[in-house]
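Only one structure is covered here, and it is reproduced in the block below.
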Amino acid sequence: MATNATTVPIVNSFVDRYKQIFSHKYESMYIVQQYPNTFPLTFVALYVSMVFLLPKVLVRIPATKEGLNLGRLMSLWNLFLSIWSAAMVLGAGIPYGLHLLTHGYWDSVCDEQGLLTQENTLQYWMYAFNISKFAELIDTLLLILKHPKRPVPFLHWYHHMTVLLFVWYSDVWKFPGIIFIVVNATIHMFMYFYYFLKESGYKVSERYYALPLTVGQISQMFLGMFVNGSWIYMYYVQGRKCACQNPLAISISCAVMYGSYLYLFLSFFYGRYIVKKSDVRSVKKEQ
Numbered sequence: 000m001a002t003n004a005t006t007v008p009i010v011n012s013f014v015d016r017y018k019q020i021f022s023h024k025y026e027s028m029y030i031v032q033q034y035p036n037t038f039p040l041t042f043v044a045l046y047v048s049m050v051f052l053l054p055k056v057l058v059r060i061p062a063t064k065e066g067l068n069l070g071r072l073m074s075l076w077n078l079f080l081s082i083w084s085a086a087m088v089l090g091a092g093i094p095y096g097l098h099l100l101t102h103g104y105w106d107s108v109c110d111e112q113g114l115l116t117q118e119n120t121l122q123y124w125m126y127a128f129n130i131s132k133f134a135e136l137i138d139t140l141l142l143i144l145k146h147p148k149r150p151v152p153f154l155h156w157y158h159h160m161t162v163l164l165f166v167w168y169s170d171v172w173k174f175p176g177i178i179f180i181v182v183n184a185t186i187h188m189f190m191y192f193y194y195f196l197k198e199s200g201y202k203v204s205e206r207y208y209a210l211p212l213t214v215g216q217i218s219q220m221f222l223g224m225f226v227n228g229s230w231i232y233m234y235y236v237q238g239r240k241c242a243c244q245n246p247l248a249i250s251i252s253c254a255v256m257y258g259s260y261l262y263l264f265l266s267f268f269y270g271r272y273i274v275k276k277s278d279v280r281s282v283k284k285e286q
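The opening residue of the sequence shown carries number 0 in numbering that gives the first Met the number 0; numbering runs sequentially from there.
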């Protein structure tokens, strides 16, 4: 006779402990409540200033003008972010997946009944995701310290800046967007592990890792636009009361964000995997 998992004391204890650790009321973090605009905008202003001003300072200092040897530090940092992302995939993905199976796609996006916002464990991972976007800015700092003479790619700092603002205001306006968390954390789990391998000196196949990773990032942008379109349809066409306190701002910012990301990542893909390969073929023919 099969045993119900919930009747097993050790499993029951684990579930109770899990809910106790990751239990939060659906309230924004204190700093979100007190400084909904001042904090993120000031942070972003300082971040952009760092992107353009810090390299100019570093190249004037003899000890830093050629860059610092941060291979091991960057390796460990990328591994840490990969593990953090994996934790968010599991932490948010499991309860969201169960909700998706029981309530369907439309309700899992609209959350008209507010069921997602009542799921305490999901709220914990929403906070963790918000904080992770600030932590990921350290990527840029390490990149500048390692290569002060190289301009920080626009795609890099624009992506970090805008996603931080979108995630922040999603919290301010009580927009759950759990599907965005799960998908983004999944991509970042593989992306940061790729960077970890590269910084650790491992030879990573561009064809079997870097290329699929870029395709995954592009697919994420298409998915984001589709989900946003679904949300707009449900809210504005069907008249459903989807969970959000500022639907117009969320829908527009989401469309602009994912639309611009799609353009930038497609441009990156074209330059790295199409033009680059055609140039290599031309060189081989000339030889």
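Every residue, glycine too, gets a C-beta built ideally from N, C-alpha and C.
What you are looking at is a predicted structure, and each value in this text was computed from that prediction instead of being measured.
If you measure between the beta carbons of Asn245 and Trp167, is that distance less than 8 Å? no
With 16 other Cβ atoms within 10 Å as the buried cut-off, status of Phe134: It should be noted that the sequence gives Ala, not Phe, for residue 134. Ala134 is exposed by the Cβ-count criterion.
Alpha carbon to alpha carbon, how far is Leu69 from Val50? 18 Å
Nearest-angstrom Cα separation, counted from Glu198 out to Met188: 16 Å
Using a Cβ distance threshold of 8 Å, determine whether the stretch 155-169 contacts the stretch 33-49, with at least three qualifying pairs required. yes
Euclidean distance between Cα positions of Arg71 and Ile251: 41 Å
Can you name the start and end residues of the alpha helix (DSSP H) that Ala62 belongs to? Premise fails: Ala62 is in no alpha helix (DSSP H) and is neither H nor E.
Determine whether the beta carbon atoms of Tyr208 and Ser84 lie at a separation below 8 Å. no
C-alpha distance - Cys243 paired with Phe221, whole-angstrom precision: 22 Å
Evaluate the contact criterion for the stretch 148-161 versus the stretch 45-61: three or more CB pairs, one atom per stretch, below 8 Å. yes
I'd like to check one pair, Met160 with Tyr46: are the Cβ atoms closer than 8 Å? yes
To the nearest angstrom, how far is the alpha carbon of Gln112 from that of Glu205? 45 Å
Cut-off 6 Å between Cβ atoms - residues of its own chain near Leu163, not counting five sequence neighbours on either side: Lys132
Endpoints, alpha helix (DSSP H) assigned at Tyr123: 119-134
Go to Val181, then tell me how far its alpha helix (DSSP H) extends in each direction, as first and last residue. 177-198
Hey, could you find the ends of the alpha helix (DSSP H) Ile273 is sitting in? Looking at the DSSP string, Ile273 is not in any alpha helix (DSSP H), and its letter there is neither H nor E.
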